[in-house]
Amino acid sequence: MDILTVALRDVVLNQDGDRWRDIGLDLDDIDSQPPVPEVECVPPNVDAEPRVDGNEGIDNAFGDALYPIVRLALPELEPEARAGQERGIGAILLQVRRWNGTANDPRIEVVLTQSAGGTSADPSSVSFEGDELMMGGEPAPPPAWDGNDHWWARDDTFFMGNETQPIVRDDNAYMADGTLVMRLPDRVEILFFAGEDAGVRVRLTDAFAFGTFSEDFSTVPTATVAGRWSIIDLLDTGNNIGICVGTPQRDIVENQLDTIADVRSQPGSGGAGVSCDAISLGVTFSGVRGNWAGLGPSRALPDPCAE
C-alpha cells in the first residue's frame, strides 16, 4: 500500500457551552463528578475547587476554562489558525505507512508533522521563496481540499531536515474499524499561527491523536488530539500570545492557571494532596486525503513581546 497522507484543518479551540465535554480523553482514568469529585491531584490554588470532568470522564480543562482566558488576550486565535490551515500553513499532516489498506491493521507507522505549504497546483510549477510557496512570481494557489492537493512538511519536524527521519513517529500505531490511533512523543510541538503577529506553541505529554476515516479513506470527518499541557510549557508560550513577562496580564494568567490546573504532567504521579501541574486538553480537526510533496522551510512562531 502506498503511503497515505492526510491534511487536517478546521481546528476547534473555542469549545464554549458544553462542547468541551465530548472532546478529548479520560486521561486519569477517573470520572470526576460532583458533589465531591475524585481527582488525581488538587489545584495549586488551595482555595480553588477541583474541576469536574466531561462526559465519560473526559478531561478537558483547556476547552472548559483555559481557552476563554486565551481568547481574551488573542481573540482571533481560532479564526486566524483556521485561515492559515485553509491556505496551507500549519495544517497537521499525517503520513500513514506500512498499512495494509484496510479498516483493521494491528500495527502501522504514523508520522505527524505540520505543513510548510500546500497547493492545488502542479507541484513541479511551484517553489519556495523564503517561506512562501510561489508560482510564476505570485503566491501559489491555495489547497482546494479536494483530495488532490500537494503538501510540503516543515523541515524542522525531521531530524536535520532528513525526510527519512521524522521527529514525531509512532511505529506501533494501529487502525481499528477505520479509526486510526497513534501516541505522540512527550512534549512534541504543535504550532498555531494567529496571523503574522502571534501564535501558540503547544507541548503535550501523555498525548494521543486519533480519528475515524470515511469508508473510502478519503476524509477524516473528526480527528482529535488530547493530552496534558504542563503549566511550565503553557507559560513558556505566553510571549507568543502577547502575554509578556512582568505585565499585569501575565500575573492574571499565572493565577488562573493555578486555579484551573486539573492533572499531573506525568501520568501516575498524583495522589492525595499532590498539586496539579498541568492542564488537560482536547481539540479536534477535520481532514482530507492529499499528496506528499516533500519538505519546505519552517516559519518561526511570532514573539510580539520581543518587539
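Sequential numbering from 9 applies to the sequence shown in the numbering used here.
Quick reminder that beta carbons are idealized off the backbone N, C-alpha and C, glycines included.
Sequence-distant residues of the same chain with beta carbon closer than 8 Å to residue i, five excluded per side
i	result
Pro42	Val60
Asn53	Asn263, Asp266 and Thr267
Val253	Gly246, Asn247 and Cys313
Ser294	Leu16, Arg17, Asp18, Thr227, Val228, Pro229, Thr230 and Ala231
Gly169	Asp163 and Leu303
Thr187	Phe218, Gly219, Thr220 and Phe221
Supposed close pair residue i, residue j - CB separation, criterion 8 Å
i	j	result
Leu317	Asp67	Beyond the ends of the chain as shown, which are 9 and 315, falls residue 317; an answer cannot be given.
Ala124	Ala161	6 Å
Trp153	Leu101	Wrong, their Cβ atoms sit about 13 Å apart, outside the cutoff.
Thr172	Thr121	Thr172 to Thr121, Cβ: 13 Å. No contact.
Arg195	Thr213	6 Å
Ile251	Ala69	18 Å between Cβ atoms; not a contact.
Phe225	Arg297	7 Å
Gly65	Ile31	Contact flag wrong, Cβ pair sits at about 13 Å.
Buried versus exposed call for residue i [16 or more other C-beta atoms within 10 Å across all chains shown]
i	result
Ile11	exposed
Glu86	buried
Gly25	exposed
Ile240	exposed
Gly276	exposed
Thr292	buried
Phe167	exposed
Val282	exposed
Thr255	exposed
Gly145	exposed
Contact check, residue i vs residue j, beta carbons under 8 Å
i	j	result
Thr13	Gln93	no
Ala280	Pro51	no
Ala301	Ser238	no
Val119	Val176	yes
Met190	Ala111	no
Pro151	Gly96	yes
Asp157	Asn63	no
Gly316	Ala89	Because the chain here runs from 9 to 315, residue 316 falls outside it and cannot be looked at.
Gly290	Gly71	yes
Leu243	Ala215	no
Glu204	Pro310	yes
Leu199	Arg211	no
Pro58	Pro76	no
Pro149	Ala129	yes
Cutoff 6 Å; reference residue i; Cβ partners in own chain excluding five residues on either side
i	result
Arg106	Ile116 and Glu117
Gly278	Glu48, Cys49 and Arg272
Pro174	Val119 and Phe166
Ser133	Met143
Contacting residues, own chain, Cβ-Cβ under 7 Å from residue i (five flanking each side not counted)
i	result
Ser135	Met142
Leu74	Ile268 and Ile287
Ala307	Residue identity check: residue 307 is Arg in the sequence provided, not Ala. Taken in chain order, the residues that qualify are Asp139.
Asn180	Arg115
Val78	Leu85 and Ile249
Arg258	Gly246, Ile251 and Cys252
Trp28	Gly62, Asn68, Gly71 and Asp72
The beta strand (DSSP E) enclosing residue i, as first and last residue numbers
i	result
Thr13	Leu12 to Val20
Asp113	Asp113 to Thr127
Thr187	Thr187 to Leu192
Ile175	Note, Ile175: premise wrong, no beta strand (DSSP E); not H, not E.
Val291	Ala286 to Gly304
Ile198	Val196 to Ala202
Ile100	Ile100 to Arg105
Met143	Glu140 to Met143
Residue i: CB within 7 Å of a non-hydrogen atom of the ligand FMN
i	result
Gly186	The ligand FMN is not among the ligands present in this structure, which contains no ligands whatsoever.
Range covered by the alpha helix (DSSP H) that runs through residue i
i	result
Gln264	Pro256 to Ile268
Asp244	Ile239 to Asp244
Thr93	Reading off the sequence shown, one finds Gln at residue 93, where the question assumed Thr. Counting along the chain, the alpha helix (DSSP H) containing Gln93 begins and ends at Leu85 to Glu94.
Val44	Run containing Val44: none; DSSP gives neither H nor E here.
Leu80	Tyr75 to Ala81
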